[in-house]
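Worksheet: one structure, shown below.
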Amino acid sequence: MTERPMSEKAGRPARRPAKATVTKAALPKAVTTKAAITKAPGAGMAAKATPAADEEAPAVRGRRKTSTAAAGTPRTGLAVAGMRGGLDGADSFEDSVSRIARQTLSERVYEDLKGIILAGQIPPGRKLTLRKLAAALGTSPMPVRDAASRLVAEKALELLPNRSLRVPLPTREWFEEIVTIRCALEGLAAETAAERITAAEMVEVRRHAKAFERAGEQRFPDFAAAIRHNRSLHFVIYDAARMPSLVEMIGHLWLRVAPVFSTGMPNTWLKAHDHHVSLLDALERRDGPAARAALTADIRSAADLISANWQMDATG
30 MTERPMSEKA GRPARRPAKA TVTKAALPKA VTTKAAITKA PGAGMAAKAT
80 PAADEEAPAV RGRRKTSTAA AGTPRTGLAV AGMRGGLDGA DSFEDSVSRI
130 ARQTLSERVY EDLKGIILAG QIPPGRKLTL RKLAAALGTS PMPVRDAASR
180 LVAEKALELL PNRSLRVPLP TREWFEEIVT IRCALEGLAA ETAAERITAA
230 EMVEVRRHAK AFERAGEQRF PDFAAAIRHN RSLHFVIYDA ARMPSLVEMI
280 GHLWLRVAPV FSTGMPNTWL KAHDHHVSLL DALERRDGPA ARAALTADIR
330 SAADLISANW QMDATG
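Quick note: the sequence shown uses the working numbering, first residue 30, plus one each step.
Structure, rendered in structure tokens:
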């Protein structure tokens, strides 16, 4: 016969121990996922994850994915700089702004210095220093150094052994090569422009042609203005060809050869004016071959006058 518990012997029904229950709220969040419920040493079978835990796990994983994506793919460069700079990010932000300012200043100095070269204000062979250029441009030597490095790479300037700069001295052979290439590329641009130029662009071409004429007809000719309007006239025509790559190549050639052609403007102005008249007439008639012929004659006649009075170097 089975012996009853003492409590029954005393006439009182035995109470079974209450089952321990643990609410979800009492558990840390870390253990509400399947991955966090493990078999403890010395314990029986690992506890099964409850349905509530299974429902919460995707939400937790979703939050983790969102956080990872947000941290790994910042929306702007400034966000990256702020993250790398630590919690405050102030130094990195200031560095970024400072770098942008330097790049903007260097670009402005580059454009200013390129404009001076294109205007023929620095004759071939003239030596320059970064300090003097910086003083002339009203800036510090650092952006001038950046701009000069680009112009050296483009062969508009050359770096001398003593670290000074100069506009290159051309040889006759180099000059003739550049003239031949200019005639081919710029002749193509003029011929194409005759088919595509708009009425508004023709107005601009006529305006620059008239300003070029006035600059040379004065009692004291303004050849600096003549050089400026001559370049503007040519490039309005070249842009009208709608061939950006061709215009870019022409621009690089002008940057290299402009100082040489600018020195000859006092001798070449009158013939250039006559060629401009022929060029405008061809454009108005939309005669491509005639436009090419007028433009190449303009380049060639100026080159011939410069070669006849060559004083560029000792070897040519």
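Cβ atoms here follow ideal geometry from the backbone N, Cα and C, with glycine treated the same way.
With a 10 Å radius around the Cβ and a threshold of 16 neighbouring Cβ atoms, histidine 281 comes out exposed. For the set Val234, Leu147, Ala213, Thr158, the Cα lying nearest the Cα of arginine 192 is the one of Thr158. Around the beta carbon of proline 295, a 10 Å sphere encloses fewer than 16 other beta carbons of the protein chains shown; the residue is thus reported as exposed. With fewer than 16 neighbouring CB atoms inside 10 Å of its own CB, proline 190 falls in the exposed class. The C-alpha of glutamate 230 lies about 19 Å from the C-alpha of serine 274.
For arginine 211, the closest alpha carbon among the candidates Ala331, Thr325, Ala337 is that of Thr325. Beyond the five residues adjoining it in sequence on each side, arginine 271 comes within less than 7 Å, by CB distance, of Arg225 in the same chain, given in chain order. Our two residues, alanine 222 and serine 169, have alpha carbons roughly 42 Å apart in a direct line. Non-local beta-carbon contacts of histidine 304 in its own chain, meaning distances under 6 Å to residues more than five positions away in sequence, involve Ala323, Ala326, Asp327 in chain order. When beta bridges are read from the DSSP output, glutamate 187 appears opposite Arg195.
Scanning Asp316, Gly317, Ala331 for the CA closest to the CA of glycine 293 turns up Ala331.
Of the candidates Ile279, Ala218, Ile335, Ala218 places its Cα closest to the Cα of alanine 319. Per DSSP, phenylalanine 241 is one residue of the alpha helix (DSSP H) stretching across 228 to 246.
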